[in-house]
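See below for the structure under consideration.
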Amino acid sequence: METKSDVLIVGAGLAGLLAANALQAAGQTVRVVEKARGVGGRLATWRLGPGRGDYGAQFFTVREPTFQKIVDTWLALGLVFEWSRGWADGSAVDSSLDDGFPRYAVTGGMTAVAKHLAQNLTLHTQTTLEKVHQVGDGWEAVAENGRIYQARALLLTPPVPQSLALLNAGQVALSAADQAALGKIAYAPCLSGLFWIEGEVNLPKPGALQRPEAAISFIADNQQKGISPEATIITAHANPMMSKIWYEAPKGELVGLFVGGIRPFLTKTSSIKAHHIHRWRYALPLATHPERTLIADGLPPLAFAGDAFNGPRVEGAALSGLAAAGRIKTGL
Numbered sequence: 173m174e175t176k177s178d179v180l181i182v183g184a185g186l187a188g189l190l191a192a193n194a195l196q197a198a199g200q201t202v203r204v205v206e207k208a209r210g211v212g213g214r215l216a217t218w219r220l221g222p223g224r225g226d227y228g229a230q231f232f233t234v235r236e237p238t239f240q241k242i243v244d245t246w247l248a249l250g251l252v253f254e255w256s257r258g259w260a261d262g263s264a265v266d267s268s269l270d271d272g273f274p275r276y277a278v279t280g281g282m283t284a285v286a287k288h289l290a291q292n293l294t295l296h297t298q299t300t301l302e303k304v305h306q307v308g309d310g311w312e313a314v315a316e317n318g319r320i321y322q323a324r325a326l327l328l329t330p331p332v333p334q335s336l337a338l339l340n341a342g343q344v345a346l347s348a349a350d351q352a353a354l355g356k357i358a359y360a361p362c363l364s365g366l367f368w369i370e371g372e373v374n375l376p377k378p379g380a381l382q383r384p385e386a387a388i389s390f391i392a393d394n395q396q397k398g399i400s401p402e403a404t405i406i407t408a409h410a411n412p413m414m415s416k417i418w419y420e421a422p423k424g425e426l427v428g429l430f431v432g433g434i435r436p437f438l439t440k441t442s443s444i445k446a447h448h449i450h451r452w453r454y455a456l457p458l459a460t461h462p463e464r465t466l467i468a469d470g471l472p473p474l475a476f477a478g479d480a481f482n483g484p485r486v487e488g489a490a491l492s493g494l495a496a497a498g499r500i501k502t503g504l
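Residue numbering for the sequence shown follows my numbering, starting at 173 and increasing by one per position.
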């Protein structure tokens, strides 16, 4: 079965969803394919017991006016709220540092932003692509389920190694310069754990602790955060080095690693009722591309976007998606 559109976007994370909305508003027909069951990518929220917790991106900041305008609309809708302006560093209960930048959280969890952006889009979730190849002056993507997606322009928003794998499978030859630029992008993994706690948790206000040098470098209380009123759900992230070392460890060992990190913040009578462990292979861009997007040279319209393009943050992903959409609009 074939489907045709002006633009095919691979990946329903923030970059892909914002790009899709921008292109659709400009009159283009757009399809978004996503291998996961839902949208959001690392804007990820998990239900655990009666509560919920963010297990990917924990918050976002705003530095650019373009993104501030978008966030202002979300604030007006009650979709997002200011969580804090800094975190405790673990040295004392009142060690929260205010650097002037609001940290925004999402009502009901980070996934809610993605669901909001996806409302009016043509989405194909649970769709894993096998390859992408050039057909004439356009593109064709072949899914594992046999479905074929054809488009005049292609936007790839997955982590760059995954995007390159799709192109390689379809024998798409990027220019030497583009291949070199994309090959410089590198990521660190992140191990993430969610824990449903029955009993007290002694995390300092506003419910988050950031200690970059510690094995468990970020701990957050989703109830204090304001997204899990029904139950205390703790999020814990291992630092990049520990995540790399322990990435392939059995789940039971990872649970032990996380419990060792969060146990000092639980009372003696507190207990862990349930847990969820997730491995993010491409969590943090370590080496990024200097521009917001990369447009492939010598091929039909092909753009790359995501948080590895001039901004390894949620805001960076948003601005990258918008930049790619702008370039695609002018190229069609």
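Each residue gets a CB set at the ideal place from its N, CA and C atoms; glycine is no exception.
These numbers come from a predicted model, not from an experiment.
Check: For F430, the three-state DSSP class (helix, strand or coil); Outcome: helix
Check: Terminal residues of the beta strand (DSSP E) in which V202 lies; Outcome: 202-205
Check: Environment of T465 [buried if 16+ CB atoms lie within 10 Å]; Outcome: buried
Check: Reference R324; option with closest CA among P333, V304, S400; Outcome: V304
Check: Bridge-paired residues (DSSP) for P457; Outcome: Y359
Check: Cβ-based neighbour list, E236, same chain, cut-off 8 Å, excluding 5 preceding and 5 following; Outcome: E487, L491
Check: Residue environment, I242, which counts as buried when at least 16 other CB atoms sit within 10 Å; Outcome: buried
Check: According to DSSP, residues forming a beta bridge with I181; Outcome: V204, L327
Check: Separation of T441 from G183, as counted between CA atoms; Outcome: 43 Å
Check: The stretch 290-306 / the stretch 339-347 touching (three or more Cβ pairs under 8 Å); Outcome: yes
Check: Residue from G308, N340, G223 with nearest C-alpha to I406; Outcome: G223
Check: Buried/exposed call for S267, threshold 16 Cβ in 10 Å; Outcome: For S267, the predicted structure reports a pLDDT of 45, less than 50, and the residue's modelled location is therefore unreliable. A value from the coordinates is still provided. Exposed is the call here.
Check: Identity of the residue in V202, Y276, P384 nearest I500 by Cα; Outcome: V202
Check: C362 to E174 span [Cα, whole Å]; Outcome: 37 Å
Check: Residues sharing a beta bridge with I406, DSSP; Outcome: F367, D393
Check: Inter-residue CB distance, G433 and I391 (contact presumed, cutoff 8 Å); Outcome: 7 Å
Check: Three-state secondary structure assigned by DSSP to W255; Outcome: strand
Check: Sequence-distant residues of the same chain with beta carbon closer than 8 Å to V285, five excluded per side; Outcome: L186, G212, L215, W246, L251, V252, V278
Check: Per-residue DSSP class, three states only, for T175; Outcome: strand
Check: Three-pair Cβ contact test at 8 Å for the stretch 467-475 versus the stretch 442-450; Outcome: no
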